[in-house]
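**Student:** Numbering (the working numbering), first residue to last: 1 to 355.
Input: one structure, supplied below.
Take a look at the structure:
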């Protein structure tokens with residue numbers, strides 16, 4: 001029965017991912033074409049600015065707040081830079097003064113001026129395109145009534161999980177170790193190891209895991225390769241158990257609507273876990289969340305609310321254990337903030353630093 005179940009589960013995931021790849025490819029080609037067209041046609045001649053135009057631009061950049069400026073063709077970071085420069089140096093006296101501001105160049109300034117003069121306000125950041133963030137592709141209606149989210153992470157020798165509610169309150173945060181036998185394990189031994197742990201997972205409206213991706217052809221170390229495959233199988237066993245345990249008549253529908261896979265790059269981007277193309281430890285980000293949680297408990301404005309008992313649990317673990325159990329928290333939190341609360345600023349954060 002388990003072999004048939006795993007086969008059906010893998011088939012459903014593979015079919016869904018194929019659809020996602022096509023959606024992603026079509027979207028990318030479309031965006032590229034639009035970008036190239038705009039590069040060829042968007043020109044702006046400073047000499048065409050009338051005295052009235054210049055006065056209008058100066059009035060806006062001298063009187064508008066950062067949030068007000070975002071309706072024009074300007075990034076949040078640059079808008080903040082303009083406001084900071086204005087506070088420290090006084091109002092801009094001419095348009096040439098903007099060139100003295102750090103990271104301001106002619107090409108960007110022309111686009112900014114043009115958006116003010118011609119009234120073409122900058123489009124608000126698009127809602128997260130869930131097809132680019134999670135698999136399977138979700139819709140707003142699918143996630144409207146979600147109250148709980150369970151993030152699951154399969155580490156080297158630990159399976160960890162974090163249960164969050166819609167308000168980013170951590171309801172459960174736990175883990176189970178599984179022994180490494182030092183040799184290649186077959187499907188039966190992995191079932192025997194994984195199923196007891198899978199049965200301990202709490203119920204949730206959505207079950208979230210991170211994509212086990214990468215080019216396995218580049219893994220030269222046999223031990224690493226075997227561990228990679230074992231983690232992949234363990235993940236499939238867990239999700240298969242959740243599917244069977246759900247008592248849904250249509251398992252395909254359950255997989256499509258209740259199991260979500262975060263793309264591999266998502267957490268690294270939104271939590272800034274990459275330095276020089278290398279993934280860094282989650283511990284710095286988790287400690288920040290723990291500190292924020294202290295402040296938020298006092299202010300009653302939770303962003304992520306982690307109780308004292310759970311914080312103590314994390315802090316008493318070894319560094320290796322903290323690294324593995326931290327991922328499940330970030331996985332669940334990313335889904336809640338990106339998909340439920342549609343926080344586009346988390347996705348744009350990394351890109352804005354390059355401006």
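Every residue, glycine too, gets a C-beta built ideally from N, C-alpha and C.
Computed from a predicted structure; not experimentally measured.
Among all the DSSP beta bridges, which residues are the ones paired with residue 176?
**Tutor:** Bridge partners of residue 176: 159.
**Student:** The alpha helix (DSSP H) with residue 78 in it runs from where to where?
**Tutor:** Run containing residue 78: 76 to 89, per the alpha helix (DSSP H) assignment.
**Student:** According to DSSP, is residue 307 helix, strand or coil?
**Tutor:** It is coil, neither helix nor strand.
**Student:** Can you tell me the Cα-Cα spacing of residue 59 and residue 93, whole angstroms?
**Tutor:** In a straight line, the C-alpha of residue 59 is about 10 Å away from that of residue 93.
**Student:** What's the call for residue 284, buried or exposed, on a 16-neighbour Cβ count within 10 Å?
**Tutor:** Exposed, by the Cβ-count rule.
**Student:** Between 286, 337 and 77, which has its C-alpha nearest residue 168's C-alpha?
**Tutor:** Looking at the Cα atoms, 337 is the closest of the given residues.
**Student:** Can you name the start and end residues of the alpha helix (DSSP H) that residue 255 belongs to?
**Tutor:** Taken as a continuous stretch (DSSP letters only), the alpha helix (DSSP H) holding residue 255 covers 251 to 258.
**Student:** Here's the rule: buried if 16 or more other CB atoms are within 10 angstroms of the residue's CB, otherwise exposed. What is residue 300?
**Tutor:** With a pLDDT of only 49 at residue 300, under 50, the local geometry of the prediction cannot be trusted, and no value is derived from it.
**Student:** Closer than 6 Å by C-beta to residue 248: which residues in its own chain qualify, once you throw out the five before and the five after it? Chain order, please.
**Tutor:** For residue 248, where only same-chain residues beyond five positions count, the Cβ hits under 6 Å are 254.
**Student:** Under the rule that 16 or more other beta-carbon atoms within 10 Å means buried, what is residue 112, buried or exposed?
**Tutor:** Classification of residue 112: buried, given that the 10 Å Cβ count is 16 or more.
**Student:** On the DSSP bridge list, what partners appear for residue 206?
**Tutor:** The partner list for residue 206 (beta bridge, DSSP) reads 149.
**Student:** Let me confirm a value: residue 324 is counted as buried when at least 16 other C-beta atoms fall within 10 Å, else exposed. Which label applies?
**Tutor:** By the 10 Å Cβ count, residue 324 comes out buried.
**Student:** Looking at the strands, I want to know which residues DSSP matches up with residue 164.
**Tutor:** DSSP output for residue 164 lists 149 and 170 as bridge partner(s).
**Student:** Quick check on this structure: which residue in 86, 193, 331 and 260 has the alpha carbon closest to the alpha carbon of residue 66?
**Tutor:** Comparing Cα positions, the closest option is 86.
**Student:** Can you find the residues in the same chain that come closer than 6 Å, C-beta to C-beta, to residue 193, ignoring five residues on each side of it along the sequence?
**Tutor:** Only 178 meet the Cβ criterion.
**Student:** Using a Cβ distance threshold of 8 Å, determine whether the segment 141 to 155 contacts the segment 195 to 212, with at least three qualifying pairs required.
**Tutor:** With the cut-off at 8 Å, the segment 141 to 155 and the segment 195 to 212 touch.
**Student:** Mind checking whether residue 264 and residue 210 have CB atoms under 8 Å apart?
**Tutor:** Their beta carbons are under 8 Å apart, which means residue 264 touches residue 210 by this criterion.
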